[in-house]
Each structure stands twice: as C-alpha cells, then as structure tokens.
Amino acid sequence: MQNHIKSLTPSNIVAHLGHIFHHSGSQAYLGEPVTMAQHMLQGASLAEHQGHSNIVIAAALLHDIGHFTSDFGTFSMDDSHDRQHEVYGAKVLAPFFPESVTQCVRHHVSAKRYLCATRAEYFSQLSAASVHSLKLQGGPMTALEVSQFETNPYLQSIIKVRLVDDGGKVANLKTRSFKDFEQLLRNLVDEHCTKPF
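Residue numbers (our numbering): 128 to 324.
#1: Report all residues from its chain with a CB closer than 6 angstroms to the CB of F195; omit the five preceding and five following residues, and keep chain order.
#2: Would DSSP call T302 helix, strand or coil?
#3: Below 8 angstroms, how does it come out for the stretch 293-310 and the stretch 170-186: are there three or more Cβ pairs, yes or no?
#4: Do you know how far the Cα of P222 is from the Cα of A142?
#5: What separation, rounded to the nearest whole angstrom, lies between the Cα atoms of V161 and F276?
#6: Would you grab the beta carbon distance between A217 and V232 for me? Rounded to a whole angstrom, and I think it's under 8 angstroms.
#7: Going by DSSP in three states, G145 sits in which element: helix, strand or coil?
#8: Excluding the 5 residues flanking E318 on each side, which residues of the same chain have their C-beta closer than 8 angstroms to its C-beta?
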C-alpha cells in the first residue's frame with residue numbers, strides 16, 4: 128500500500144477515489160443489502176439532504192474508503208479480528224483533505240462504540256453486520272473512553288457522519304453519483320493543499 132500512496136498527488140487523488148468507486152464499489156457491503164459504493168453514496172446524499180456541511184458530506188462519502196486501501200482487504204461476516212479500515216482510510220486521505228474530514232473518517236468506528244455507550248436506543252437500531260463488527264472493534268466504550276472521546280474537537284461532525292453511515296443501507300435507493308460530488312472534493316483538496324503553513 129505504501130508505494131501506492133506515494134503515487135497520489137493533489138491533482139490525482141479525486142480521480143483515484145473515483146476509480147475506486149467505479150471499479151471496486153460494486154462489491155457487497157458487509158452483509159448489507161447494498162454495495163460498497165451505494166452505501167457511501169447513500170451516506171453522502173443523506174448528509175446533503177439533511178443540510179450538513181461539505182466537511183460532513185465529504186467524510187460520509189469517503190468514510191469507508193479504507194476497505195479498499197487497507198493492507199487487510201474488506202470486512203467479512205466471518206472475520207474474527209478487526210481490519211481497522213478507518214485507520215487506513217484516514218491515512219490515505221490525510222495529505223489531501225482537511226483534518227476535519229480525516230478525523231471523521233478516522234473515528235466513525237469509535238463513534239459507533241461511543242453512541243452504543245451513551246444512547247440507550249442506539250444499539251437496537253444496528254444491523255446484524257454492525258453488531259458483529261462492533262464486537263470486533265471493542266464493543267461499547269467504557270466511561271473513561273467516552274470521556275476521552277468527548278474531547279475530540281470534531282465530535283459533533285464525527286457523530287453526524289456515523290448517523291448517516293447507519294442510514295446508508297437501503298436497497299435500491301436512488302442517489303447522486305460520485306461524479307456529482309467530485310467538485311466538492313476538489314474544492315476541499317485545493318483549499319487544504321494550497322493553504323499556508
């Protein structure tokens with residue numbers, strides 16, 4: 128994966144992400160009734176429909192990209208260990224997107240654990256695949272983990288991404304295409320990569 132990351136630049140990262148959507152997105156999504164691409168596009172479309180910021184829309188669109196960039200491949204219902212797709216996704220995106228986007232990608236799994244610990248009704252709304260992955264990811268957070276997680280300055284955006292992630296599992300739902308979000312992504316990349324340090 129390292130050599131592949133080195134070949135990415137601000138000018139080709141969006142095209143690279145589009146290539147993943149078009150050529151790998153038809154894979155089944157973790158035991159859900161949607162493909163990987165449908166799931167991520169549904170999340171982004173839902174975020175847009177709910178009036179969330181471009182940061183949340185972009186993070187919702189890209190939150191599971193690590194399933195395709197991880198050294199460990201995509202999740203399976205037969206897995207007995209977590210593949211940490213959120214870590215690998217954030218790592219690929221970090222050179223090109225604002226921290227506010229990559230933090231949402233990096234912590235959308237932690238947000239599930241957080242919500243299970245802080246909202247009594249949340250766990251009952253999870254799909255079977257999400258319950259299975261939750262077990263691999265450490266289960267609901269402890270009180271100490273909750274306290275630490277709540278110090279993240281992007282907490283509210285992370286939770287918004289998590290909730291639209293959960294909502295992006297509807298069979299045969301019409302959404303916008305990846306192409307419809309390309310300019311939004313390019314704008315974020317341009318802003319991040321040209322800002323003074």
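For glycine and all other residues, C-beta sits at the position ideal for the given N, C-alpha and C.
Let's see:
#1: Closer than 6 angstroms at Cβ, skipping near neighbours: I147 and S151.
#2: Reduced to three states, the DSSP call for T302 is coil.
#3: Between the stretch 293-310 and the stretch 170-186 there are three or more inter-stretch CB-CB distances shorter than 8 angstroms, so the stretches are counted as touching.
#4: The alpha-carbon atoms of A142 and P222 are separated by roughly 15 angstroms.
#5: Taking the straight line joining both Cα atoms gives about 30 angstroms.
#6: About 5 angstroms; that satisfies the 8 angstroms criterion.
#7: DSSP, read as helix, strand or coil, puts G145 in helix.
#8: Leaving aside the five residues that flank E318 on each side, the residues in its chain whose CB is nearer than 8 angstroms to its CB run, in chain order, P225.
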